[in-house]
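S.K.:
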Amino acid sequence: MRPHRLKIYFDGGCRPNPGAIEIAVVARGHTYISRGHGYGTSSDAEWLALIQAVRIALSLEEPDFVLIGDSATVVNQANGLWKCRGADLQGHLQVFRDLTRSIGKVPIRHVKRSQNLAGIALARAH
171 MRPHRLKIYF
181 DGGCRPNPGA
191 IEIAVVARGH
201 TYISRGHGYG
211 TSSDAEWLAL
221 IQAVRIALSL
231 EEPDFVLIGD
241 SATVVNQANG
251 LWKCRGADLQ
261 GHLQVFRDLT
271 RSIGKVPIRH
281 VKRSQNLAGI
291 ALARAH
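Right, here's the structure in full:
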(Lines of atoms letter the chains of each structure in order from A and count residues from 1; the text may use other names and numbers.)
(Lines give C-alpha, C1' and ligand atoms only; values in the text may rest on other atoms or scores of the structure.)
Protein backbone atom coordinates (compact mmCIF):
# COMPACT_ATOMS: atom_id res chain seq x y z
CA MET A 1 0.00 0.00 0.00
CA ARG A 2 1.26 3.43 -0.89
CA PRO A 3 2.03 5.67 2.12
CA HIS A 4 -0.12 8.59 0.89
CA ARG A 5 -3.22 6.46 0.29
CA LEU A 6 -6.14 7.55 2.48
CA LYS A 7 -7.27 4.79 4.83
CA ILE A 8 -11.02 4.67 5.35
CA TYR A 9 -12.19 2.28 8.07
CA PHE A 10 -15.73 0.89 8.16
CA ASP A 11 -17.75 -1.27 10.55
CA GLY A 12 -21.36 -2.18 11.06
CA GLY A 13 -23.30 -3.98 13.71
CA CYS A 14 -26.72 -4.71 15.06
CA ARG A 15 -28.09 -5.48 18.49
CA PRO A 16 -29.35 -8.19 18.73
CA ASN A 17 -28.47 -10.05 15.52
CA PRO A 18 -30.69 -9.56 13.60
CA GLY A 19 -31.60 -6.19 15.02
CA ALA A 20 -31.33 -2.43 14.64
CA ILE A 21 -28.41 -1.55 12.38
CA GLU A 22 -25.69 0.98 13.23
CA ILE A 23 -22.61 1.83 11.21
CA ALA A 24 -19.35 3.71 11.62
CA VAL A 25 -16.77 5.07 9.20
CA VAL A 26 -13.47 6.76 10.10
CA ALA A 27 -11.69 8.92 7.53
CA ARG A 28 -9.13 11.70 7.94
CA GLY A 29 -9.50 11.56 11.72
CA HIS A 30 -13.25 12.14 11.60
CA THR A 31 -15.70 9.53 12.86
CA TYR A 32 -19.09 9.16 11.19
CA ILE A 33 -21.55 7.11 13.25
CA SER A 34 -25.11 6.64 12.15
CA ARG A 35 -28.11 4.64 13.24
CA GLY A 36 -31.55 4.33 11.77
CA HIS A 37 -30.59 2.02 8.93
CA GLY A 38 -33.47 -0.30 9.69
CA TYR A 39 -33.47 -3.85 10.88
CA GLY A 40 -31.13 -6.53 9.54
CA THR A 41 -28.27 -8.91 10.13
CA SER A 42 -24.65 -8.19 10.95
CA SER A 43 -23.84 -8.84 7.28
CA ASP A 44 -26.37 -6.19 6.24
CA ALA A 45 -24.77 -3.78 8.71
CA GLU A 46 -21.25 -4.46 7.41
CA TRP A 47 -22.38 -3.95 3.82
CA LEU A 48 -24.14 -0.69 4.67
CA ALA A 49 -20.98 0.50 6.43
CA LEU A 50 -18.88 -0.36 3.37
CA ILE A 51 -21.33 1.48 1.11
CA GLN A 52 -21.22 4.52 3.42
CA ALA A 53 -17.41 4.40 3.36
CA VAL A 54 -17.49 4.60 -0.44
CA ARG A 55 -19.90 7.54 -0.29
CA ILE A 56 -17.64 9.34 2.15
CA ALA A 57 -14.58 8.67 -0.02
CA LEU A 58 -16.41 10.08 -3.02
CA SER A 59 -17.53 13.14 -1.05
CA LEU A 60 -13.94 13.79 0.01
CA GLU A 61 -12.95 13.67 -3.66
CA GLU A 62 -10.02 11.50 -2.68
CA PRO A 63 -8.71 9.63 -5.73
CA ASP A 64 -6.38 7.29 -3.84
CA PHE A 65 -7.95 5.44 -0.93
CA VAL A 66 -8.27 1.99 0.59
CA LEU A 67 -11.32 0.71 2.46
CA ILE A 68 -10.53 -1.26 5.60
CA GLY A 69 -12.94 -3.49 7.52
CA ASP A 70 -12.97 -6.45 9.87
CA SER A 71 -15.67 -8.54 8.20
CA ALA A 72 -13.81 -11.14 6.16
CA THR A 73 -17.08 -12.14 4.52
CA VAL A 74 -17.97 -8.66 3.26
CA VAL A 75 -14.38 -7.84 2.25
CA ASN A 76 -14.13 -11.07 0.24
CA GLN A 77 -17.60 -10.63 -1.30
CA ALA A 78 -16.88 -7.02 -2.31
CA ASN A 79 -13.51 -8.09 -3.75
CA GLY A 80 -15.30 -10.71 -5.86
CA LEU A 81 -13.61 -13.64 -4.11
CA TRP A 82 -16.78 -15.05 -2.47
CA LYS A 83 -20.35 -15.15 -3.73
CA CYS A 84 -23.11 -13.16 -2.08
CA ARG A 85 -25.87 -15.53 -1.12
CA GLY A 86 -29.38 -14.16 -0.83
CA ALA A 87 -31.19 -11.28 -2.47
CA ASP A 88 -30.38 -8.78 0.30
CA LEU A 89 -26.62 -9.30 0.07
CA GLN A 90 -26.72 -9.29 -3.73
CA GLY A 91 -28.60 -5.99 -3.50
CA HIS A 92 -25.87 -4.50 -1.30
CA LEU A 93 -23.22 -5.73 -3.74
CA GLN A 94 -25.07 -4.09 -6.62
CA VAL A 95 -25.24 -0.75 -4.79
CA PHE A 96 -21.51 -1.03 -4.09
CA ARG A 97 -20.77 -1.78 -7.75
CA ASP A 98 -22.97 1.10 -8.91
CA LEU A 99 -21.15 3.53 -6.61
CA THR A 100 -17.69 2.38 -7.65
CA ARG A 101 -18.32 1.89 -11.36
CA SER A 102 -16.97 5.33 -12.26
CA ILE A 103 -13.77 4.92 -10.22
CA GLY A 104 -12.88 1.35 -11.12
CA LYS A 105 -11.44 -1.27 -8.79
CA VAL A 106 -11.51 -0.12 -5.20
CA PRO A 107 -8.97 -1.71 -2.84
CA ILE A 108 -10.62 -3.29 0.19
CA ARG A 109 -8.52 -4.79 2.94
CA HIS A 110 -9.35 -6.97 5.92
CA VAL A 111 -7.93 -6.23 9.38
CA LYS A 112 -8.45 -7.70 12.84
CA ARG A 113 -11.26 -6.16 14.85
CA SER A 114 -8.71 -4.67 17.25
CA GLN A 115 -7.16 -2.72 14.35
CA ASN A 116 -10.43 -1.39 12.92
CA LEU A 117 -10.77 2.26 14.00
CA ALA A 118 -14.45 2.28 12.98
CA GLY A 119 -15.19 -0.79 15.07
CA ILE A 120 -13.42 0.77 18.05
CA ALA A 121 -15.45 3.98 17.61
CA LEU A 122 -18.70 2.03 17.34
CA ALA A 123 -17.93 0.09 20.53
CA ARG A 124 -17.12 3.31 22.41
CA ALA A 125 -20.38 4.91 21.28
CA HIS A 126 -22.32 2.57 23.60
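At position 109 of the sequence shown (counting the first as 1) the number is 279 in the working numbering, and the numbers step up by one without a gap.
We treat Cβ as the ideally placed atom computed from N, Cα and C, and that holds for glycine.
Just so we're clear, the structure is a prediction, and the values are computed from it rather than from any experiment.
Please state whether DSSP places T270 in a helix, a strand or coil.
M.R.: helix
S.K.: Please confirm if the stretch 242-255 is in contact with the stretch 194-202, defined as three or more CB-CB distances below 8 Å between the two stretches.
M.R.: no
S.K.: Would D181 pass as a contact of L292 if the rule is Cβ separation under 7 Å?
M.R.: yes
S.K.: If you run the structure through DSSP and keep just helix, strand and coil, what is A295?
M.R.: coil
S.K.: Using the three-state DSSP reduction, which class does T211 fall into: helix, strand or coil?
M.R.: coil
S.K.: Between the stretch 227-246 and the stretch 271-280, do at least 3 Cβ pairs fall closer than 8 Å?
M.R.: yes
S.K.: Give the DSSP bridge partners of E242, in chain order.
M.R.: Strictly speaking, residue 242 in this sequence is Ala, with Glu absent from that position. Beta-bridge pairing links A242 to no other residue.
S.K.: E192 by DSSP, collapsed to three states: which one?
M.R.: strand
S.K.: Taking the beta carbon of H262 as the centre, do at least 16 other beta carbons fall within 10 Å, making it buried, or is it exposed?
M.R.: Per the 10 Å Cβ criterion, buried.
S.K.: So what's R283 in DSSP terms, helix, strand or just coil?
M.R.: helix
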